[in-house]
Structure formats: structure tokens, C-alpha cells
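Protein chains in written order, with the numbering used here: chain C, 4 to 505; chain Y, 3 to 492. For each residue, glycine too, the CB sits at the ideal point set by N, CA and C.
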């Protein structure tokens, strides 16, 4: 683990630093919407998951879905955050065809979750990994809007209200994020937490988890002044990058945006506070709307809903039912399985991976299992573009293969061959080894015979190896070739060394 | 036999139960009366086929000895209530020919008890008004006329159609709704009884919203007893309305004739507003005398923040309305006027769909919620609201119910106040406080003005103490012996 070093961008007037706060919209994992009983199933035909409430028919009223509240509390607990026993829903008023009520019900003044903190693990290629604490400002519940479809018809916009009223959690961080890699790592960590909690499926491709990134730049030293005083005037003017749903784009967009802001300031200009969109094709951000044409949302408490008051006892009940979180799991993997922090991190980054590993490692060599899972199995799945759930080799089957390595039935090299056959559907490791006679030869007599024959047939190599002991590998290769790879490599080495006198 | 349409709801139910007449007969009588009274413009939709069908079904149930508490009773429904398969527009152009696929909880409660629907009743557009002149269909006409004067008078608003229909014998009773006095003022203008229950007693599900924190359903009926019966059935806890109270509905009918002996009746000094007509003042004094004679104790009380009630109301109600009415955007239902782009379509649809008074209130509401003005207007009005609520809590330490005039004047002529919104808004001066504090209030006819028009008194009760309203209302009804009826000039 290394120290957190400042991320800096060189400008014409010297170094610059970036400061970011993220707002993450996570769709609450719930079968029904936040204020109606309509289904939230993805992929339904347009306007089929719409209740009278979602379509804002006259006289229809919202009724809070208690399960969504429970999910928000659960998430808050996972963020080690304050749960507010009193919160309130406000109306955010604006007109748009995919917003049937003409207002979004959200929690503006009194969110259900207050301040919290998460530990973010950052990987920067070519550098050592590190982690930093990121403070959470708040989490609140709100309704999603419908979807406007502009490209079906050149003259008309179509509206799909299936998403209208779906529950979202907006999770707002403090401005604690200081580099593009940290921003991506923050989203990754938050995603892992909500997935582990079961409060959001984390599916970024479907837009079920998306991030708005507030970016500003400042000179070195300014950020520390801000942290001491809490005075935002030490920081630069921020721009909001909307709706980012890929780790790669988040980093590209921030890099571009930071450089754009630096160029403006160094050119004597002023950064305008505005909302911007990232264009992944051009690799640049462009203005969506400026502060001047920002809406006046006319927030006020929704008179159709009572303040949301939750019992402390209920919060405690939810707390008791919390699953093991990624950080706790990683600590346990390091301690109980003796894994490196890195391997433990990879294996606990998602609940499925962790469960797969634990099943495979039970009663087996944990470190060896970790290597096989993270390198051979994940390597294969990555190459084929498969999910872990689609793995042709089950956790227990992989464990069986590892047992054969541990008890010297096969060598690591043969194991790779066996693994390939398992992927090809030949069955269990033991059966494959049996069928193809892949059992390692540990009978030293048999190995000696082969060694003797090779030494006898290659006097030149024998002479050479006396001067250059590193050419021993050639003999090892010959022996392995002769034995069809089945000879125990350690035994081969020992016997060769003894016979060649090196 | 007397004309069936003259009967009270209670008498009609007795007649139906004892098979003196069938639901088909009394329903037919009302349908005929409605046809003859079209000039009153009380109904904006008549549903004769539905009425006959429902009446026949009621008769079948009565024949089998079954039936609910309103079995076979023909009622009128304010156009604010969504009625399945029957056009519902809240008398606004913006709803076009909107026909709900669902039924409001309040009306469903009535049908579940066997009531028969005659049609939808006229009202001010989105219940915004005190004279029913803002209706898309033009105003209903008050069956009452000034002595020796044929000028058309307003039946009040916003439940003007309900009041005109009950007063003109065009239904046994009607549903209405009250945001700032829209049940009590029309009742007072037409010699009928109207009660707004405690906020949360009746479900708002399926009621076209005006101001969510103030809107309440209630009946307009011929007698206090009829209003008690109808309110018992209209009220219910409804999980589909988050502001609906989880409380039992008491037996209110048994309270009506209980008398007021030993009750303490508060008389708020702040309701003696400047310029209150002698006629209204005299009526109020008469009410005090009657209640004293019936054994009640009269106590003077103070509601010090009363003068801020009307301004606070005209901030809170438009603010909520500006948001509640945002859904009428021409996109999914109702009327739409196409423009060249989205903004123009919004503007044209809403400018064409909303009448002038609704537009005025939407602009006021938008203004008071705007950033920079929110604290000075909306937030302040909410603080006033809390003070007014506290005034009542304090006052009810020393009394059981409060007696006030229902309105500052009798029914007025069309056009008389529609030019000056402030003068129109002053109609609500005695009624808005109960809405702001969420309290029950009943209006009971108590006498006639010099010009021969009905005048009403109001009784305000503690939260959830409609019983007190019915007891005092019943006592006033007995003492006043109000039997006057409008001449049938139509």
C-alpha cells in the first residue's frame, strides 16, 4: 500500500489540482415503484409498467412504498451514515413531457440519510494501490422520470413512462475525490456496497447506477485551505458532468474537463458554472445548460405525503440483518485465508466472486485457490466475455482440480491442461486425469531411467551444463517431454542435479 | 302523496325501506325534475340511464330484504369527484371530455351503500371561486330570488351546483368539497346544510385536487340529520390517501337531537369584523339566544390571528394549486392546443384550457414559491397557519364549539363581485380558518335576510369532534325552525 499522492495537471502557469464531488443515482432494487404499486421490471413494452398514479391522472395520490424506505436505510447503514428518523418529501416543480405530475417528488430539505463515510480503494496502472476515506454528505429518495425518445420519428417525441416513479437513491459525496482514478474507484466501491446490500443491482449499462461528477480545478494548497475552513471560495467554479455510466468515460471526461477549465483560467477567462455532457465519440464535454437558464424548481413540502418518521427500533432491526460488506469481507479473507490485500480486494469486489471463491477454497489450499480463481478462471471468463454465473466450471469442480494439485496428483502445468478439458466439458478433474492417464510420475526409478537415457544420448549437453548450470532447464524439458509432462518436476530436478553432479 | 322530490334523505330512505315507493319511482321523479330545471344549470352531466339501472338494482335488493344504508337514494355528485365511465372535468376546459376509468373513494362508499347517481354537478373551475362563475359551463342559478326581484343570484361556490340542486329538489342530497368554504358558503346561500369534516376524515383519492392540505369532501343536504348520515358514509380510512386518518367514523346521527345542555359555546370576538352588516350581526345574536335557551353556556373567546387567515389562505392554496395543476399539460389526457414546439404547446394548451381565475391563482402560486419569495410568502403563511391552529387549541380550552356567521352576506347577483377578486375572496373570511386549522365546520340555515334570502350560521368543532358540530347544528335547526323554500319559478 502506498501513500495518496496528489494528482496534478501541468498548465502553462504551473501545476493544477482537481477537486470532485459525486452524485450517484442508484435505482432501488424493489419490485414496485416509490409511490405506486406498478412493476419496475426492465424491458417491458413501452408504457406497460404505468399505474394511474405514475401517469398523474386527476385525483391520484402517492403512497410511500415502505420497502424502498427500508432499502434506503439499509444503504445508509452500509455507508456508516446517520439515519434520520424524520425526513420529508418535497416537490421539485418543472415541466417536461416525461414528468407527468409536473413535479418530481424528492427529499430536498430533509433527506432520510445524513453524513457517512466509505473507504475507497484506488488502482492506478503502474503505481501501487492505495485507499482513502470519502465522506458522504447525504442520501435521499426520489422518483425517476420517464423516458423521452426523440429518434423514432423526425417530427415527434415519444414518451415511455415505465421508469416514471421508479425509486432512486441519490447519494451525494463531499468534495473528497481528487483524481480521475479516484472518481472511478469511488463509483466502483459504492457499487460494490449497494450490490452486497442488495439495495441496487448496480447495472450501469441499464442506467440503474449512474453518476454526476462535479469538477473544479485549483492551485496546489488551495484544497487544504478549503478543508481547514470549509470555505468553498478557496476552490474553483465547478461544472457538473451529467449521467456518466462507465468507469472509463468518467475518467476521460474528468481529464478533459479539468484541462478545459485550466485552459480557460490560464487564458484569463472565467469558468461558467454549468451542466455539461460527455461525448464519448469526440472525447469531449459540451455545455447542456448554464446557470442562467437553470430552472427555479419552486421546492415545497409535498402536501399529499406526511413527513416520513421511522422508528429507531426498525433501524436497529435492519442493522441486524445487514450482510457482510465488501470491506469486512476483504479483511476476513486476508485474515482467514491468508490472502494478499490485492487478491482479497479482487475477490470481494462482488458478492458472486467472493461466494465462488469461498466455495472453491473450502477445505483446500486457499492461496492456491485464489490464484486459480483470479488468474485462470477470471482470465478465461474475461477473454470470452462471460459472467461468472456463466462459468463452465463450477466452484466445487475447480476446488477438485486444486485438490489434485495440492496432493501432488498432477503438476501445475498438467492442471492447466486439465482445466482446459474441464472448460471443454469433459467433466470433473479427477475423471479427466484418470481417463487421460495424466497422473504425475513420482516413481523415482522410472524417472531415473529416463534421465539416464537422456544423459547417455547427449554428451555435448552434459559437458556444457557443468560450466553453465542454468542449461539444466534443457534436460528438465527433455525429461518432461519424454514423460508426457507427467513427471514430478521437483523429482526430475533433484535426480538430474544428482546425476549431473551440479 | 307529496312530491317525492320534496322529501328529506331520511324520509325517502324510510319510504323506500317500507316500500311506499320504489327507487325507480323516486329516481324517475328526480330525472323529471332535472329536465324541467335545466335553466338552473345545476347539472353539467345527467346520467339518466345509469340512474335507472342503479335504481332497478336497488329495488331488486330491497325486494330481497337486502340493501345498504342509502339503498335506492338518488344523489348528485360534484364534478370534482372522478366517476368511472362518466365525464369528469372539474368544470374546466383543460380536462376536455376526460372520462375516468376509476372511481373516487368517497363516491364508491356511496354506491357501496346503494346510492343512485343522477349526474355530475356544476362547480367553479377546479373549485376556485365563491360564486360558481368560473365554471366552463357557466354558473348554476340559485333557486332563491330576492323578494320582488327576478335577477339571477349565485348559489355560491365552489359547490354551487350541489347547493342549487339540493335547494331546488333536484336530488335528495349531494356531495360537495371544501377548500376554503366551498361547502359552507353555498349551503348558507341556499338554505341548505353543509359540513366539512376534520381534514383526513374523508379520502381525497379520486377527487380532482385543488389544494391538497386544505381540500376535504363533505355533503350538502336538506337537514342536519341528512348531512350526518351522508357524512358517516362518505368518511373512511383509505390506504390510497396518505393523509387519510386511521380513525373510526362515529355514529353522528345520534348526536343531532342530543341537545346542547351544558355545552360551552365560544363566541370569537375577532369575527366581529369591520363593516359586518347589521343583518348578519343580528342573526349571530339570535343564534346565541337560541343556544342559551337550549341550555348552553356562552363564553367569549379570542382567536387573535384571525385577520391573517385570509391572506395566508390565498398564499397556501394557490401555491399548492400551482403544483397540483401542473399535470394538466395537454400531453396525456384532456384538451391540447398544438404549437410549433413543446413550449408553445404547453402555453397554448394551458392558456386555452384554464379560465382567468384559475390562471390568476396559478400565477400567484408560482410567484409565492419562487426562489427569493418563498420565505417571505409561503413559509410565512405556513407559520401563520400554525398560529391559527394554536389559536383554536387555546380557545377550545374554554369551550366545546364555536359559533360564527357562515358568510358576511346573503347570496349576491352574478357580476356583482366578479370584477373584484379581493371582494370575492372576502366571502371566505369566516370559513377559511377551519380549513387552515383542519377543523370540522357546519353551516346551518338560521333565518332569512330582509330581501328574503337564506342566511346561515357556522359551528366549528375541535379536531375529530364533528359530534359537537352536529349537536349544536341540530339545536340551531330546531330553534330556527327554518322551513322556507324557494318558489319554483323555473
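With 16 other Cβ atoms within 10 Å as the buried cut-off, status of residue i
i: residue 184(C); result: buried
i: residue 71(C); result: buried
i: residue 168(Y); result: buried
i: residue 223(C); result: exposed
i: residue 492(Y); result: exposed
i: residue 153(C); result: exposed
i: residue 89(C); result: exposed
i: residue 318(Y); result: buried
i: residue 268(Y); result: buried
i: residue 290(C); result: exposed
i: residue 5(Y); result: exposed
i: residue 78(C); result: buried
i: residue 30(C); result: buried
i: residue 506(C); result: Outside the modelled stretch of chain C, which goes from 4 to 505, sits residue 506(C), for which no answer is possible.
i: residue 201(C); result: exposed
i: residue 462(C); result: exposed
i: residue 193(Y); result: buried
i: residue 325(C); result: exposed
Residue from the options with nearest C-alpha to residue i
i: residue 274(Y); options: 145(Y), 265(Y), 264(Y) and 285(Y); result: 285(Y)
i: residue 484(C); options: 474(C), 100(C), 453(C) and 36(C); result: 453(C)
i: residue 310(C); options: 67(C), 40(C) and 28(C); result: 67(C)
i: residue 3(C); options: 451(C), 116(C) and 87(C); result: Outside the displayed range of chain C (4 to 505) lies residue 3(C), so it cannot be described from this structure.
i: residue 587(C); options: 131(C), 466(C), 204(C) and 202(C); result: The structure shown does not extend to residue 587(C), since chain C is modelled only from 4 through 505, so no value can be given for it.
i: residue 311(Y); options: 109(Y), 182(Y), 483(Y) and 54(Y); result: 182(Y)
i: residue 440(C); options: 455(C), 459(C) and 412(C); result: 412(C)
i: residue 25(C); options: 189(C), 349(C), 155(C) and 315(C); result: 189(C)
i: residue 160(C); options: 296(Y), 344(Y) and 263(Y); result: 344(Y)
i: residue 334(C); options: 364(C), 261(C) and 351(C); result: 351(C)
Cβ of residue i within 7 angstroms of any chain Y Cβ
i: residue 53(C); result: no
i: residue 58(C); result: yes
i: residue 220(C); result: no
i: residue 72(C); result: no
i: residue 183(C); result: no
i: residue 106(C); result: yes
i: residue 144(C); result: no
i: residue 506(C); result: It is not possible to answer for residue 506(C), since the shown part of chain C is limited to 4 through 505.
7 angstroms Cβ cutoff, residue i in contact with chain C
i: residue 322(Y); result: yes
i: residue 125(Y); result: no
i: residue 278(Y); result: no
i: residue 84(Y); result: yes
i: residue 45(Y); result: no
i: residue 371(Y); result: yes
i: residue 348(Y); result: yes
Residue i - DSSP class collapsed to helix/strand/coil
i: residue 125(Y); result: coil
i: residue 326(C); result: coil
i: residue 359(C); result: helix
i: residue 170(C); result: strand
i: residue 45(Y); result: strand
i: residue 486(C); result: coil
i: residue 93(Y); result: coil
i: residue 476(C); result: helix
i: residue 116(C); result: strand
i: residue 48(C); result: coil
i: residue 303(C); result: strand
i: residue 426(Y); result: helix
i: residue 492(Y); result: coil
i: residue 266(Y); result: strand
Pull out every residue of the stretch 205-224 of chain Y whose Cβ sits closer than 8 angstroms to any Cβ of chain C, in chain order. 206, 207, 208, 209, 210, 211, 213, 214 and 215
Just by C-beta distance, which residues in the stretch 300-322 of chain C are closer than 7 angstroms to chain Y? 301, 303, 306, 307, 308 and 309
By the 8 angstroms beta-carbon criterion, what residues does the stretch 236-247 of chain Y contribute toward chain C? 241, 242, 243, 244 and 245
Proximal residues, the stretch 101-126 of chain Y versus chain C, C-beta separation under 9 angstroms: 102, 103, 104 and 106
With 9 angstroms as the C-beta to C-beta threshold (strictly closer), list the residues of the stretch 322-344 of chain Y near chain C in chain order. 322, 324, 325, 326, 327, 328, 329, 330, 331, 333, 334, 335, 336 and 344
Contacting positions in the stretch 76-103 of chain C - beta carbon closer than 8 angstroms to chain Y: 94, 96, 98, 100 and 103
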